[in-house]
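K.L.:
Numbering (the numbering used here), first residue to last: 169 to 472.
(1) Tell me the rounded alpha-carbon separation between residue 241 and residue 318.
(2) Which one or two residues does DSSP pair with residue 473 in a beta bridge?
(3) Which residues in the same chain have their Cβ closer than 6 angstroms to the Cβ of residue 462, if we skip the five residues on either side of it in sequence?
(4) Nearer than 6 angstroms: is that true of the beta carbon of residue 252 relative to any heavy atom of the ligand NAD?
(5) Between the alpha carbons of residue 441 and residue 347, how many angstroms are there, rounded?
(6) With DSSP run on the structure shown, which of helix, strand or coil describes residue 426?
(7) With DSSP run on the structure shown, which of helix, strand or coil describes residue 306?
(8) Do residue 354 and residue 381 have their CB atoms nearer than 7 angstroms?
(9) Taking the beta strand (DSSP E) that residue 110 belongs to, which residues open and close that run?
(10) Whole angstroms are fine: how far does the CA of residue 209 sit from the CA of residue 438?
(11) Could you tell me the distance, in whole angstroms, from the CA atom of residue 305 to the CA atom of residue 467?
(12) Of the residues 378, 322, 359, 261, which one's Cα is nearest the Cα of residue 223?
(13) When DSSP builds the beta bridges, which residues end up paired with residue 456?
(14) By the three-class DSSP mapping on this structure, what secondary structure does residue 215 have?
(15) Since residue 260 is in the beta strand (DSSP E), which residue starts that stretch and which ends it?
(16) Going by alpha carbons, who is nearest to residue 187 out of 383, 458, 455, 414?
(17) Which word fits residue 219, buried or exposed, when buried means at least 16 other C-beta atoms lie within 10 angstroms of its C-beta?
(18) Of all the options 424, 447, 375, 460, which has the alpha carbon lying nearest to the alpha carbon of residue 332?
(19) Could you tell me which of 299, 198, 309, 321 sits nearest to residue 267, measuring between CA atoms?
(20) Quick check on residue 209: does DSSP put it in helix, strand or coil?
(21) Taking buried to mean at least 16 other C-beta atoms within 10 Å of its own C-beta, is residue 237 buried or exposed?
(22) So, at 8 angstroms on beta carbons, what are the nonlocal neighbours of residue 427 in its own chain, with the 5 sequence-adjacent residues on each side left out?
See below:
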């Protein structure tokens, strides 16, 4: 194990298994998490008739999977839905505080597709290039933590565009089992800094420094703020933090059994507590222009 170079930060959550000073609670949570975790990606999929109007059983099935794996996947026959499909679905899962990021449409829902012109074309999500591992809103301040994220596939690409997913709670578990000092480093309030974004008018987004793991002081839930990018990011320059970052990089780059991969078909979607995710490169074709709707929330899905 790596010796901690500073005191373990307090999480502020009185009963959370994510407190480093409560090993008994962590061990109980760990045993339950692994016992209930879905055996394969097929176990995450719920067939629903219409995401805009879930039945009680469909809603419960989605909530149960989110409780076990921080995410669920739905498959539906709905092919021609408007963007309100995500707002209606989110409300049924307890998501109401939609985060209207600057690249989203006026209703706060983003259309993730290849942009031929305008500001979006300069950002990887709006290209056909691979999108590396991250959680949404990793550049946001603490007051705007993205805790819930929904995706709905309107049309897949002609080829490629595979989505990779990993429960951030599992990432925490593996990191803590390896060495709790690495978790302590990523709980530090200065673990990761995203430099300011500037445009022709000056600073468009201020520099943002904060932890990677954060334990909510109200409900004890775990949040992850992470990006695998190597540019426009600054990690705290001490051996423990850099070792923790290297551990996560190896975990996500390898052939981990904890990584779920699928190619969303039309009518499918993902509901999650902003788990780690990535996307492979893709190519559009005639009649197959990849389009996903995305909604980000300050709320989380609570299936307990």
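Glycine included, C-beta positions come from ideal geometry on N, C-alpha and C.
P.N.:
Judging by the given coordinates:
(1) 10 angstroms
(2) The first residue shown for the chain is 169 and the last is 472, placing residue 473 beyond what the model contains.
(3) 278, 280, 319
(4) The ligand content of the structure shown is nil, which means the ligand NAD is not present either.
(5) 25 angstroms
(6) coil
(7) coil
(8) yes
(9) Residue 110 lies beyond the range of the chain shown here (169 to 472); nothing can be said about it.
(10) 12 angstroms
(11) 13 angstroms
(12) 261
(13) 453
(14) strand
(15) No beta strand (DSSP E) holds residue 260; the alpha helix (DSSP H) holding it covers 252-260.
(16) 383
(17) buried
(18) 447
(19) 309
(20) helix
(21) buried
(22) 332, 333, 334, 420
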